[in-house]
Amino acid sequence: MRIDGKGLVDRTKPVRFRFDGKDYAGYKGDTLASALLANDVRLVGRSFKYHRPRGVLTAGSEEPNALVEVVGAQNQTPNVRATVQEVFEGLVTQSQNRLGSLKYDLLAVNDYLSPFLSAGFYYKTFMWPRAFWEGLYEPIIRRAAGLGSLSGKHDEGTYEKAFAFCDVLVIGSGPAGLMAALTAGRAGADVILCEESHALGGRLLSDSQTIGGMAAGDWVAQVVAELQALPNVRIMARTTVTGAYDNGTYGALERVGLHKPARPNLPRECFWRIVAKHAVLASGALERPVAFENNDRPGIMMASGVRTYLNRYGVVPGKRVTLFANTDQARGVARELMAAGVTVAAIIDPRPDASAVEDCPVHVGAEVVGSRGRLGLSGIQVRKGSEVIEIETDCLAMSGGWNPTIHLTCHMNGRPRWDEELAAFVPMEGAVPGLVAVGAANGSMSTHGALATGHAAAVKAVEALGRKVSVPVPEAEDAPYRLKALWSVEGKGRAWLDFANDVTTKDVKLAAQEGYRSVEHMKRYTTQGMAPDQGKNSNVSALAVLADATGRGIAETGVTTFRPPYTPVSIAALGAGGRAEGFAPQRFLTSDQASRDRHAPMIEAGLWYRPSYFPKPGEATWREACDREVDMVRQAVGVADVSTLGKIDIQGKDAGRFLDFVYTNTFSTLPVGRVRYGLMLREDGLVLDDGTSARLGENHYLMTTTTAAAGLVMRHLDFVQQAFCADWQVRFISVTESWAQFAVAGPKARALVNSFLEEPVELPFMGVAPVRIGGVDGRLFRISFSGEEGYELAVPTRYGEALFRDLLARAETMGGGPYGMEALNVLRIEKGFITHAEIHGRVTAYDIGMEKMVSAKKDCIGKAAATRPGMWGPEREQLVGLKAQAPISAGAHLFMPGAEVHRETDQGYVTSVCWSPTLGAFLGLGFLKDGRARMGEKIRLVDHLRGLDVICEVMNPVFHDPEGEKLRA
Amino acid sequence: MPELIAKSALEGRSLSVGTVRLAEVDVGPITSVALLPGGAKAVAKGLKSLGLAMPEPNSFAEKKGARIVWTGREQAFLMSADCPVLEGAAVTDQSDGWAMLGLSGAAAVDVLARLVPLDLRLAVCPVGTALRSQLNHMNVVILRTGDHAFEILVFRSMAQTAWHEIEAAAQMLAARAGMKL
Amino acid sequence: MRYSGLKVITEGLFGNKGWTPAWRDPAPKAEYDVVIIGGGGHGLSTAYYLAKNHGITNVAVLEKGYLGGGNVGRNTTIVRANYFLPGNSEFYSHSLKLWEGLEADLNYNVMHSQRGLINLFHSDGQRDAFARRGNAMINQGDDAILLDREGVREHLPYLDFEQTRFPIYGGLLHPRGGSARHDAVAWGYARGADKRGVDLIQNCEVTGIDIENGVVRGVQTTRGAIRAKKVGIVVAGRSSQVAAMAGMRLPIESHVLQAFVTEGLKPVINHVVSFGMGHFYISQSDKGGLVFGGDLDFYASYAARGNLPMVEHVMEAGMTLMPMIGRAKVLRSWGGIMDMSPDGSPVIDKTHVDGLFLDCGWNYGGFKAVPASGWCMAHLMATGEPHEVARKFRLDRFATGHLLDEEGTGSQHNLH
Amino acid sequence: MRLTCPLCGERDRREFYYYGAEDFLHRPGEGAPLSDWDNYLHLRDNPAGVTKDLWYHEAGCAQWLLVTRNTVTHEITGVELVAERAK
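Residue numbers (numbering that gives the first Met the number 0), protein chains in the order written: chain L, 0 to 968; chain S, 0 to 180; chain F, 0 to 415; chain P, 0 to 86.
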């Protein structure tokens, strides 16, 4: 019901929205919860386990009951707090976690079965027969559990992430936060003020008091106006600081577009990483419920919630309101309701010494012991001494006192301190370096306390920044906070602690009875605190009940750990930018467009895209194209872009010495103008990478790495140089991106290459020379990864596309053309060249038959560790070639022909395979126990997954031209 | 003989979104100058011919169209000028390895705040600052060339991704514009 | 007390008044035959199998905090046997078989659910590597099925097959893989061990290990000295500190691994799914929360909490792979302390001290190993000989080069 | 988490690569026994408290850093360049 003359919603701007198929009207500034309450909708959800009818409990993000689905055009958003979601024109929402309608939820039967569904019941049953767990019980449990639903469709929303930096981060804009922001802002510090709600002011918007002689709302407006005018203050509304991380880093979620209809490019949410030199936590406090029998009916609400709906939204959730509270502060709710013309049927105050003087009946020393009303509250039972009276009411405002909102102070493992007087946990000072809790978050419950501590923390922060400031603290109420702790009311029935997960005092007591006495055991056994509200409404009360049940004090019982996020954060916001190709950068070759023009399917190679093959008309499969390309290279000439290989330019007098140290073999003796294959080990003796390095000048080398290991090798070289030889005359830098490099291979390679050169060069095998191509300085290498006479032609990247297109055009006139990754792979397997399929991190130089490349004359990285006894010898699997007449597969395992096939008879495995058009056979590379001693043997290849069982011949892995005559031609 | 046509990474592309302008910038030659141990004096002498010196960390300097940018320990990129002979340094041509993106406009700093984990407040990052960092998952060098202007050096092969991500950030910012508290 | 459906009903009818404690809360005795340091999953299962398999019941489990408070209570609950190196594959195969009979054995429903685990691959090379793994699994007697892209689509239609950065080539399905309710495993073993006479002593921190002439004599604790003929160190997460009490320097570096759970949702993910091109794996709990994680934060840490870069990486991986989870909200994030070894495999071995045994180095694969680790550690402690499925988990294998490196990333602790 | 690179200044953890303990700097000399290599490559003090470890400013200046750090609180008390460290 809406009350005239109350609230901050804009009554000139009505808004239509929908809930469970029915249209309602609210106003701009309403939350879904306030608008539903204004429309007298009390039943908004069903509880998690028992499917009990539930209504709005709070007016904040801690809401455990009023969770709904927001339905969008493409996606729906589950578990949205109706108390946070602002209404807008066209908002469509629906209730969740029900089977049937919200009113007639078939799963409400669980409520009648509750005696059998007590804490941990599932650990004790559903065990027999075994197959029934997965087949029957578990699917039923899974369907009944859960809350809202995802649509199952890709989230098409827009999300954003951002960084921000400031001197002082103020978290919360109640009296303490505003005062802190104002103080720091006036001092000239860079301030970020985050407020979870859409409006600044915190609880000053929810109650009626005066600050500095003016109405609190006016004071808020004045301060906000000043802050907005300060260029050094950034106000972030609708922004929840969700986590405190190391070294002054905070995570924060800004709800950018959730209060508006979707718009192109408008982020729904933005996840901020805020780095702050100082932080002031002014997050206030959360009111806690009291556990009494059936305290979960729609219409039973937190007193602070009732107060917020009245003052901020102009809504009363009932016609006959009752108040059950154990503090003087909560009385204000009743007074404000009465002042607004609402009937307050009774105040029930458990404190025997509390005042009985109000303009309504007051029962002191009394407790609410029960309630009635199936889908909404209709009455309560109140016990006063031995007498139980019935009071008609449709809204009970309850308050068991306040818990300071200390969560962020615990995110770095800080343990809070129990304050007996407040009957609450307060932050341990310094628990998060640089963060100071103020106001109610630190147990200063009065408005004056909030203003004073907010001011003091800001003064301290700005002084640490070397600034000075003088801001008077305005006068405000400073009433003492006086309560008698009341966690639960004695009674027989179920009294809820954790509304969201349906955990009652009985469950907590049962946990204690069964030995789950540690607070962590209790939490895990009962699931208390694990629901969407993260125990905000129940943690302290539950552990108080546990403390009582185990005969310990609350301080001794301790709390469970608060972990980030403070309120749940969508995966999409935290993962903004990751959608589709955004997950990792895309790297494109200069030949990319030319390859696509020829319809080459492009495949991911690390971050790069490389052509798989170049189909010709009439070729139906990749194999046809691949076979043709292999043949083309072997018979004529092929061109491939190999620019993705890592290239590192190494200079200095000690460059050769440095290469000797990082490679197993020697490079200092390499003549200028020559190239050598190098093998690089990790310090643990296993192969890191391989590649060729060229000596371009006396003190100048060019190292090549594999595509996959380019970054790894650079990091490795940096480490070796900086850690072990920082004083050597050597410097290096990546030139991978500086050069476009093309392999030209085949019997006609020389002719093709020479047709490009201003002056033809005669290069020996493994030679390198500077060349000029069409007026451009380039480099020519005579190296081969195919076994044919091969060259690599390098030009500055800007000329890459032109050179590639020209190379192809001329190659085609010679019966040649481009070849892709598939053919490249076949060519190198035929030649027994290894890639990271073979050097997969578990192989030694010995395993690949290169132990002789480990120079005995010098130390090198990995040399010593490779001598460990387990790193060599016949027990190890060694690189072999495999040849078969039937298809074989990489990933297959090897066995002795005729032997049984199981782990213990396993002899090795296959790493690479191909059909070799050159040899007319299926070829493989693999690792076989003591393989080098077994050339010529037959071996059985078994691939269960692909259904292959083939006898292969074990061979030297260099199948094609084993003497290398073609290379040197 | 072939006629090799040069192509920059983004072929000189430019774009405006809201108040932000993004364009590929041609900076001419880029040369890495890495001091060898004991080489500082000789390099200083060589750079003097351009009126430049090895820059302090996190800074760049310009003289008569030439620019020298700090890029690491005892390392700098000389841009927009041919590199003189420098004894005492490893000198490596980097002209083709990078693409330079110019980003300017009142909201340029807000665009970068979406992508770069750096404190770019003017007081902390004044004009003349050069920072090696990341733009999302890409390594970059970021130069503050004006109160509202930046230049971003990104690996050439990733230029398209960088472009796309900056553009997307700018569009989201533009969509926010006009939304008040 | 025996748990059963009937018992739940009768207790329910009588107000659940008859349930008795799942375990006793005994004071430590002056002497035991065996002391197990560490009341986590592995320590509790070791005690359980010492009693059950070897009849050794004069055993104390000493726990610094509360039972099951370490990694067994803060993992992502995945149970699988999909290793490919001999030494690992037989061990995890044995463990999975124990899981399959665990409810009946413990009379405690640990909710072991074999929902199937799918490792996705995104290139031909990855497919071949997974084929090698799958074949090894079958050679070991376990199960594996190689799915192509369409096969994956049948199981996981919600993946982004069109736009994801690294296309889905297929997946390796391990039908017997799945998940379990982590706390219940610790509690089930605790209850089983307690029933067989083992003393479970909580809030009892070991402060020293008594060694005389190379022979272990007992331990010093915050609750007094306890003599013991044999002592087992089963404290993954704190192995280096406890081993240091016996003068040992371990091949272990401690790292933080974060994990995440969302608010409850109606069933949407049936399998356990892992992404091959970023660090991301996910399943949905019976309560409805999506439980997921990624890689280590990568820096050595005992803080049991992480930082945002890895959080964001995990979420970005989730968004490129299965953007339908975008609107699920992360409810809670936490961290566990991992014993990272230089080859990614564990140690179950004797030490240089007679009577002192070590079970450590579980990296981030310790949960599924709980049954077999306890089984093999109990075997080792009872017989003095390694169990046949754990004989390669030697402490000296790094020195000798007999590595068990499934990832192939080498002697850098955080890369496994 | 933020580290202060001696060259680049204070930066987000995401710019850095982590290797491991300081031990990796103390490479055994030629001919050292294999037990020295076991110590170097594998065995670690792994303290719950102050440690020194190796980070690489991969997205920044490409320098290796020796960081003094508390593994329990994550407090960082010192960062030096490996290439210029006091030996």
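Beta carbons are placed, not taken as given, at the ideal position from N, Cα and C, and that holds for glycine.
Taking 8 Å as the threshold (C-beta atoms), are residue j and residue i in contact?
i	j	result
Thr326/L	Ser398/L	yes
Leu285/L	Ala302/L	no
Leu100/S	Trp162/S	yes
Gln728/L	Leu35/S	yes
Ala183/F	Val109/F	yes
Arg578/L	Pro322/F	yes
Arg17/L	Leu112/L	no
Val544/L	Trp486/L	yes
Gly72/F	Asn202/F	no
Val638/L	Ala750/L	no
Val661/L	Ile782/L	no
Ala457/L	Ala183/L	yes
Can you tell me whether residue i is buried or exposed? The criterion is at least 16 other CB atoms within 10 Å of its CB, across all chains shown.
i	result
Met529/L	buried
Gly187/F	buried
Ala389/F	buried
Between which two residues does the beta strand (DSSP E) carrying residue i extend?
i	result
Thr703/L	His699 to Thr704
His153/L	No beta strand (DSSP E) holds His153/L; DSSP gives it neither H nor E.
Thr50/P	Val49 to Tyr55
Phe76/S	Gln74 to Met78
Ala61/P	First-last for Ala61/P: undefined, no H or E at that position.
Val363/L	Val361 to Val363
Rounded to whole angstroms, what is the Cα-Cα separation between residue i and residue j?
i	j	result
His41/F	Ile232/F	10 Å
Lys367/F	Val78/F	5 Å
Glu474/L	Gly211/L	5 Å
Phe270/L	Ala575/L	8 Å
Arg1/L	Ala499/L	28 Å
Lys179/S	Gly71/S	For Lys179/S, the pLDDT reaches just 42, beneath the cut-off of 50, and the residue's location in the model is therefore unreliable, although a value from the coordinates is still provided. Those two C-alpha atoms are separated by around 42 Å.
Ile938/L	Ile887/L	12 Å
Leu64/P	Ala430/L	28 Å
Gly364/F	Leu414/F	13 Å
Taking the alpha helix (DSSP H) that residue i falls in, what are its first and last residues?
i	result
Gln73/L	No alpha helix (DSSP H) holds Gln73/L; DSSP gives it neither H nor E.
Ile273/L	Run containing Ile273/L: none in the alpha helix (DSSP H); it sits in the beta strand (DSSP E), Glu268 to Leu280.
Ala422/L	Where Ala422/L is concerned, there is no enclosing alpha helix (DSSP H), given that its DSSP letter is neither H nor E.
Ser239/F	Ser238 to Ala243
Tyr111/L	Val108 to Tyr111
Which runs of the beta strand (DSSP E) fall wholly inside the stretch 484-533 of chain L and span at least 3 residues, in chain order?
-> 495-497
For the stretch 10-42 of chain F, list the alpha helix (DSSP H) runs that are entirely contained and at least 4 residues long, ordered along the chain.
-> none
Where in the stretch 342-392 of chain F do unbroken runs of the alpha helix (DSSP H), each at least 4 residues long, occur, reported from the N-terminal end onward?
-> 365-382
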